[in-house]
Each structure stands twice: as structure tokens, then as C-alpha cells.
Amino acid sequence: MDLVFPSAFYFTYQPLNPHTQKLLGGPLHKLLEPEEADAIRKAGEIVRSINIRVEHAKEIKRREEKQREARLKARKALIDAEVRAAFRRPQATAEDAIRITTLAMALHQEKFILDFYDVPTMTSQYQERLQRALKEKALGGYVDYAHTDIVRGLSETLDYRQSGSPKADIAAALSLCESWKPKHRTAQEFLEFVHRQIAIEHSANVERLPVKKKPAGR
142 MDLVFPSAFY
152 FTYQPLNPHT
162 QKLLGGPLHK
172 LLEPEEADAI
182 RKAGEIVRSI
192 NIRVEHAKEI
202 KRREEKQREA
212 RLKARKALID
222 AEVRAAFRRP
232 QATAEDAIRI
242 TTLAMALHQE
252 KFILDFYDVP
262 TMTSQYQERL
272 QRALKEKALG
282 GYVDYAHTDI
292 VRGLSETLDY
302 RQSGSPKADI
312 AAALSLCESW
322 KPKHRTAQEF
332 LEFVHRQIAI
342 EHSANVERLP
352 VKKKPAGR
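In the numbering used here, the protein residues as written are 142 to 359.
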């Protein structure tokens, strides 16, 4: 807690500074009664004592702030580690692409990630990313994009909420997602689009064995 004093209290009193000498040791001291001279000395001691206490309070506050920052930094590191452990980077497969998209939609609906976007904005961005990835034959880029959104968004949300243990918070988030159903038609339509597009891409990429040529003369 800060202690607030008038600005006059923040100078460092020196018992033998020129002003004190002038008052207590110069010609003017004859104008002072002994009680007045003693009061001046005591006033200086009081100001000096207050300055020391103020500096001490400031030092305590600085120390507490450093300790608080260290605790917050350690908690953030723990959250990041727990989130990365719970959400491993998926493979660039059709199944993982569908799974990571569904998880991102669920976490968004439950306000765990990207809560500054409404549903149409988020689905539009994801659809654009997916279409570009499929066109460029780079499904892994889309999967990484969704995974990064989940890890970063969940870490920031849990750090902001400052409640419970990170592991318990992550478990609660996953529990909500397990029984999740889209509340918005836009989200439902987007997930259907994802299933269709990835299924088409997956079937188009199925490798077919080349037909063996018959030996000559047979």
C-alpha cells in the first residue's frame, strides 16, 4: 500500500544543512526560544523518519511486485506446458483435420478460444484456410493453423481466468467439448462442408496400383 505525503516531506533532512545552521547556529538563533530550536530539530527528525518509512514501504511494494510477476510467469509456463501436453500437434490426415476443426469450433462456442470473433467470422476464416490448403495440396498447413489457434487461445484464456489448476481447467474444457453440439447453423453447415471437402480430397488421393503389363508373347 502506498503512503502519500505532501511533497515537502520528500526532501532528505540534514541536521547541519545551511538552513539549519542559519536558524540554529547563526545570528538568528538568538531570536529562537530553546523550545522553538528544539522543535525545529525534532521536526527534522520526524521528516527524516517519514522519508525512511516511505522508502521502506516502496521497497516492500517493489519486492512484492517482483514476487507476483514471478508467480504469474511460472503459472503461465505451467499452463503452456499443460496445454501443449493435452493437445499434441496432429497429423496431416483427413481424420485429424476433421477432429481438429470440430475441437476448434467447440472451444470457440464455449468461449475458450477466439471469443472476440463471432461464429460467422470464425467459420469464414477457417473455410478460406481450408479451401486454400486443399487447393495447394497442403492440408498440414490448415491442421497447424487450427492447432495453433487452440493452443494459443486456450493458454491465454486459462491464464486470464486465473482459476483452479491448469490441468483441471483443461479437463473441464475437454469435457464440455465431448458432448458439444453446434448451436449455430453457420457452424453446423461449416462442419458439414469440412467433411465433404476432406472426403472428396481423400478419395481423390487414394493411390491405385498400376496395371501390370503382360509379358510379350503371351
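Built from N, CA and C at the ideal position, the CB exists for glycine as well. These numbers come from a predicted model, not from an experiment.
In this structure, residue 246 keeps its C-beta atom at 7 Å or more from the C-beta atom of residue 309. Taking C-beta atoms as the reference points, residue 300 and residue 214 fail to come closer than 7 Å. Residue 303 and residue 212 have their C-alpha atoms spaced approximately 12 Å apart. Take the alpha-carbon of residue 261 and the one of residue 315: they are about 23 Å apart.
About 17 Å separates the CB atoms of residue 223 and residue 317; that is not less than 8 Å, and the two are not in contact. Within the same chain, 239 come within 7 Å of residue 336 by CB-CB distance, once the 5 residues on both sides are set aside. Spanning the alpha carbons of residue 265 and residue 202 requires a straight line of approximately 48 Å. The C-beta distance from residue 295 to residue 241 rounds to 13 Å, too long to fall under 8 Å, and the pair is not in contact. Closest in alpha carbon position to residue 288, among 311, 194, 237 and 278, is 237. If you check the CB distance, residue 280 and residue 340 do not come in under 7 Å. For residue 241, the uninterrupted alpha helix (DSSP H) segment begins and ends at 235-250. Residue 231 is positioned such that its CB atom lies closer than 7 Å to that of residue 284. The alpha-carbon separation between residue 311 and residue 244 amounts to approximately 13 Å. Under the three-state reduction of DSSP, residue 279 is assigned to coil, being neither helix nor strand. For residue 191, the enclosing alpha helix (DSSP H) covers residues 175-227.
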